[in-house]
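Heads up: the sequence shown begins at 894 in the numbering used here, then just goes up one per residue.
Built from N, CA and C at the ideal position, the CB exists for glycine as well.
Only a predicted model underlies this, so the values are computations on that prediction, with no experimental measurement involved.
What follows is one structure encoded as structure tokens, with my remarks underneath.
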Amino acid sequence: MQTRDRSTAGRWTEADVPDQSGRTAVITGGNSGIGFEAARVLATRGARLILGCRDRGKAHDAVTRIRAAATGADVRVVPLDLASLESVRAAAGQIRSTCERIDLVVNNAGVMMPPYGRTTDGFELQFGINHLGHFALTGLLIDRLAALPGARVVTVSSNNHRDGQINFDDLQSERGYRRMAGYSQSKLANLMFTYELQRRLHAAGTPAIAAAAHPGLTRTDLARYLSPVMTALYVLIERPLAQRAAIGALGTLRAATDPAVRGERGYPVRVSSSERSHDEGAQRRLWQESERLTGVGYAI
């Protein structure tokens, strides 16, 4: 994985997104950052959008902006707090009640390096929101998309996965918490989930695929939990170098729409992930633990 080159010459851009008419896309955290930019582009290409968002005010503001960019866009909001399995189940229920088919699930929402905290269900925040919440949501929707040609599950990971390790003896960081280590673990979990999901979809003989994307260094509000020292470094050094959210969203859009993407990683520039992320034994173990912790099984 790598940060996308800012030059668009000869590169995959939003102009390459094919027509999405007739497709329904569920996007978590579609009210801001790369999630919003991906939603905006999908709407301009004719997709029906369901935005799963925690903050209703920001979500409805995003709907207004999307409709301004895509006149007549079919977009609605479903309340979703990934830090609560009850909320995840309720959101999935609402989506299922109105969607007989789902062509695309984009697991985009997340948190990065907050102080130690727990979700409603007692999971460490980053592991709980970035991985377990999305694992549960996808599992509750999987039967709506598994049999559809062209259907995809796209999960947003990060290059930080390279520093990650899945600590099966302390998944919730109860014995010690380091912000970056927790974030890296959650992003590694995103990739391992994607690979195991793809293997299961393939084994079931379904046409749906799972892919992952890395947005690169992008200006979003994901950095809001950085410590004062890290915030100062980010503002002085990294933020001036960071790309716009619209560019950071291209990885998500390519993974979601490029006909050439197969069941692996789909980025504007395709590159490999860490050796650790390809450990099939660890992928299966993580999957089993995720099913146990969330109580969500997959109908594939």
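Nearest residue (CA-CA) to residue i, options the options
i               : options                            : result
arginine 947    : Pro972, Asp954, Arg960, Ala936     : Pro972
isoleucine 1059 : His1171, Gly903, Asp912            : His1171
isoleucine 1140 : Gln913, Gly915, Gly926             : Gly926
glutamine 1078  : Pro1042, Ala1106, Val956, Glu1017  : Glu1017
histidine 1027  : His1095, Ser1050, Asp996, Cys992   : Ser1050
glycine 1069    : Ala1096, Gly1010, Glu1089, Ala1039 : Gly1010
As assigned by DSSP and simplified to three states, the class of residue i
i               : result
arginine 1253   : Because residue 1253 is not part of the residues shown, which for the chain are 894 to 1193, the question remains open.
proline 1108    : coil
threonine 917   : strand
asparagine 1052 : helix
proline 1161    : Model confidence at proline 1161 stands at a pLDDT of 42, short of 50, so the residue's coordinates are unreliable and nothing is read from them.
arginine 899    : Bear in mind that the predicted position of arginine 899 carries a pLDDT of just 44, short of 50, making it unreliable; the figure below should be weighed with that in mind. If DSSP states are grouped into helix, strand and coil, arginine 899 belongs with coil.
leucine 997     : strand
tyrosine 1127   : With a pLDDT of 48 at tyrosine 1127, under the threshold of 50, the predicted position of this residue should be treated as unreliable, and no value is reported.
alanine 1149    : helix
valine 1189     : coil
Contact under 8 Å by Cβ, residue i with residue j
i               : j               : result
alanine 931     : asparagine 1001 : yes
valine 1046     : threonine 921   : no
alanine 1044    : alanine 1101    : yes
valine 1194     : alanine 952     : Here the chain has residues from 894 to 1193 only, and residue 1194 is not among them.
threonine 1150  : valine 910      : yes
valine 981      : isoleucine 943  : no
methionine 1006 : arginine 1072   : yes
serine 1183     : leucine 1025    : yes
Cβ distance (whole Å) where residue i is taken to contact residue j below 8 Å
i             : j                  : result
arginine 1178 : phenylalanine 1061 : 6 Å
alanine 1175  : alanine 1148       : Alanine 1175 to alanine 1148, Cβ: 23 Å. No contact.
leucine 1041  : arginine 1093      : Wrong, their Cβ atoms sit about 16 Å apart, outside the cutoff.
threonine 917 : aspartate 996      : 5 Å
alanine 936   : alanine 955        : Actually they are not in contact, since the Cβ atoms of alanine 936 and alanine 955 sit about 10 Å apart, beyond 8 Å.
| task | Count the CB pairs spanning the stretch 1002 to 1016 and the stretch 956 to 963 that are closer than 8 Å, and state whether there are at least three. | result | Because the criterion of three Cβ pairs below 8 Å is not met, the stretch 1002 to 1016 and the stretch 956 to 963 do not touch.
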